[in-house]
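Chemist: I have a structure I would like to understand better, so I am pasting it below and will then ask my questions one at a time.
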């Protein structure tokens, strides 16, 4: 069992790395495409990459609750569209590292939003939230007390990512998760395509899509298809606390990817802020007294 747990943790670490480096692909992908055109391509490709799993993973109850599945797919797809759109637009004005760390704050927002649904939070949640907020200040607020426009988009987007996680936690136990993932990716992709046709028609061309094939392929196939499949495999043996903590390392990999591939630099102030945010995200997942019940679901991004 320990060997299986170790392998599961390593697989989840790989998933976090894939998702972290996806922020680099998302920035590079906008060299030729607009944010909505890029998102349309990657989410529709991501849905297509998951389709073969329908034949590989058999689910005897897949035909049940079809109506509820479609409604759940639309709602989660709308939330996914909101979070992904704000994230992608924010990347025009901020770095991949900043986007990764600020997006990771959804881990903090989930229990805070849960207060409105009468969910209780432990001391770890509030300690983690305080550290994350202080870290966000050092990362995003400069000495003139102004905040980067892109970081604001990422912060609002993190709220939608948190709402998406909460929605997934509610509907996932009631439907087939794979079909829910595909439906929400299709909904998100089609909405992005409609917006792209409306406001990005000049850049939404076959030539630009061809020029952006590599970041689209990575963000679509690797970040959605491969990472989602690995997540399914790993979470069969990984403990919930380990899974949550390892997933939070996505932000660290985003910063590493931005540094290695985009020559993004973090000064000492930003580095200190990132460290506090990462510590806050991890502490928020560590239960001091008792373990919380696990909610299984689909990938929240990527």
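Numbering (my numbering), first residue to last: 39 to 340.
Using N, Cα and C, we set each Cβ at its ideal position, and we do this for glycine too.
Since we're looking at a predicted model, the values are computed, not measured.
#1: Counting only the same chain and skipping the five closest in sequence on each side, list residues whose C-beta sits under 8 Å from that of residue 304.
#2: Rounding to the nearest angstrom, what Cα-Cα distance links residue 212 and residue 180 in this structure?
#3: Could you give the DSSP three-state label for residue 179: helix, strand or coil?
#4: What first and last residue would you give for the alpha helix (DSSP H) that runs through residue 80?
#5: Could you tell me which whole alpha helix (DSSP H) segments of length 4 or greater appear in the segment 180–248?
#6: How is the alpha helix (DSSP H) around residue 119 delimited, first residue to last?
#7: For residue 122, which of 282, 108 and 142 has the nearest alpha-carbon?
#8: For the alpha helix (DSSP H) that contains residue 316, what are its first and last residues?
#9: Kindly indicate which three-state DSSP category residue 260 falls into: helix, strand or coil?
#10: How far does the alpha helix (DSSP H) with residue 70 in it reach, from first residue to last?
#11: Please state whether DSSP places residue 296 in a helix, a strand or coil.
#12: Where does residue 156 fall in DSSP's three states?
#13: Please report how far the alpha carbon of residue 51 lies from the alpha carbon of residue 287, in whole angstroms.
#14: With distances taken from CA atoms, which of 320, 272 and 308 is nearest residue 41?
#15: From this set, 250, 319, 247 and 246, which residue's C-alpha is nearest residue 196's C-alpha?
#16: Less than 8 Å separating the Cβ of residue 45 from some heavy atom of the ligand HEM?
#17: Please confirm whether residue 322 and residue 166 have their CB atoms less than 9 Å apart.
Modeler: Reading off the structure:
#1: Within the same chain, residue 304 has close Cβ partners 135, 293, 297 and 312.
#2: Between the C-alpha atoms of residue 212 and residue 180 there is a straight-line separation of about 46 Å.
#3: If DSSP states are grouped into helix, strand and coil, residue 179 belongs with the strands.
#4: Unbroken alpha helix (DSSP H) run through residue 80: 73–88.
#5: As far as the segment 180–248 is concerned, its whole alpha helix (DSSP H) runs of at least 4 residues are 187–209 and 215–237.
#6: Its alpha helix (DSSP H) spans residues 104–128.
#7: For residue 122, the nearest C-alpha among the options comes from 142.
#8: Looking at the DSSP string, the run of the alpha helix (DSSP H) that includes residue 316 is 306–321.
#9: In the three-state reduction of the DSSP assignment, residue 260 falls in the helix class.
#10: From DSSP, residue 70 is part of no alpha helix (DSSP H); its letter is neither H nor E.
#11: In the structure shown, residue 296 adopts helical secondary structure according to DSSP, grouped into three states.
#12: Collapsing the DSSP output to three states places residue 156 in coil.
#13: Computed Cα separation, rounded: 8 Å.
#14: Minimum Cα distance to residue 41 is reached at 272.
#15: Answer by Cα proximity: 319.
#16: Absence of the ligand HEM from the depicted structure is noted, as is the absence of any ligand whatsoever, leaving it without description.
#17: Contact flag set, yes.
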